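In full-length UniProt numbering, the protein residues as written are 1 to 242.
Beta carbons: idealized from backbone N, C-alpha and C, even for Gly.
In this text the structure is predicted, and so the values were computed from the model without any measurement.
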Amino acid sequence: MSTGKRLAKRSILGTRVCAPTADGLHMPGVIQATKTDAEDENVYTVTFPDKTTGEYRGDELIGPGFQTIAGLTLKSGQRVYVTFNGREVSGAVLEHDAVRDDVLISIQPSQHNHHITHTVQLHKRLEEVRLLESRKSARLQDLDTDYSRLAEGQSELRRRASSLSIDVPPSINGRKRRPSASEDADTMDDCMAAMVLMRLSCSPKSPRVPSDAPVELAAETALPRQTARRLAWAPPVYVGVW
């Protein structure tokens, strides 16, 4: 059990927190050590940027794993961080009206606020205010995302993709409809009739038909009645007489 407690204390070392100073302002620092006092309470040693240190109980610290900014009354001059125009900026509290939940903050051009060209005053709610700077790299802080350009880039990519693609027409079934059995029979009857007429006209044994006889009569003399009727539509055929 003691080993687990010791590991828990060691794991909190290096945590960034804000601790109160003598003038009532909260100063950012880093936990460097921890110990247990006579009342068996944890005491944390915090090192500040100016190399000074101080010891604080857990309920006096603001940060991950400790207290939050909720319920805190910020004093004038307190250094805070807020989001302005999509970027994190650093400012100083001018006034905090806890009843109205309104924090008046002055934002001035500085090394942290390099994109600010003139002093700006902002009204923020307490929940929108941070005492610690966000842990972002300089590259991410300097990156100003232009969503309109991103949208244009996506549209350009879609246009390029569509120009490289090949439009394929919808599949069309190219197979022709097979003729029915009755159509096949009609075609065969017509072909057979034509072949019989050709043979009759060329055969010396074909029956003599008067030259002035109509085609229907010549066909009926050599073909069945049904086949002769199918030839009634055919153009005139001159049958030679041998």
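Residue i, DSSP secondary structure in three states
| i | result |
| --- | --- |
| Y147 | The predicted position of Y147 is uncertain, since its pLDDT is 46 and thus under 50; a value taken from the coordinates is nonetheless stated next. Of the three classes helix, strand and coil, the one that applies to Y147 here is helix, per DSSP. |
| R79 | strand |
| V99 | coil |
| R125 | coil |
| E60 | helix |
Residues bridged to residue i [DSSP beta-bridge criterion]
| i | result |
| --- | --- |
| V30 | R16, T47 |
| R87 | F84 |
| N113 | Note: N113 sits in no beta bridge, so no partner. |
| S106 | A92, Q121 |
| E39 | DSSP, once it has assigned bridges, lists no residue as partnering E39. |
| E55 | T45 |
| R130 | Y81 |
Supposed contact pair residue j and residue i - C-beta distance, whole angstroms, cut 8 Å
| i | j | result |
| --- | --- | --- |
| I31 | T45 | 7 Å |
| I107 | T119 | 7 Å |
Other residues of its chain near residue i: CB distance less than 7 Å, five sequence neighbours each side excluded
| i | result |
| --- | --- |
| residue 247 | Given that the chain is displayed from residue 1 to residue 242, the structure contains no residue 247 and the question cannot be resolved. |
| E60 | A19, P20 |
| F66 | V17, G58 |
| G29 | V17, A19, V46, T47, F48 |
| I12 | I31, T34, G65 |
| D101 | R125, L126 |
| G24 | K75 |
| M27 | C18, A19, T21, F48 |
Contacts around residue i, its chain only, beta-carbon distance under 8 Å, and the 5 residues preceding and following it disregarded
| i | result |
| --- | --- |
| L74 | V80, V93, H96, V103, L126, V129 |
| T83 | V89, E128 |
| S110 | S90, I116 |
| A70 | L126, E127 |
Burial state of residue i (16 or more Cβ within 10 Å)
| i | result |
| --- | --- |
| V89 | buried |
| H114 | exposed |
| H123 | exposed |
| M198 | exposed |
| Q78 | buried |
Cβ neighbours of residue i in the same chain (closer than 6 Å, five flanking residues each side left out)
| i | result |
| --- | --- |
| H112 | S90 |
| D37 | V43 |
| E133 | Y81 |
| Q121 | S106 |
| N85 | none |
Minimum Cβ-Cβ distance from residue i to chain D less than 7 Å
| i | result |
| --- | --- |
| A22 | Protein chains in the displayed structure number just one, and chain D is not present. |
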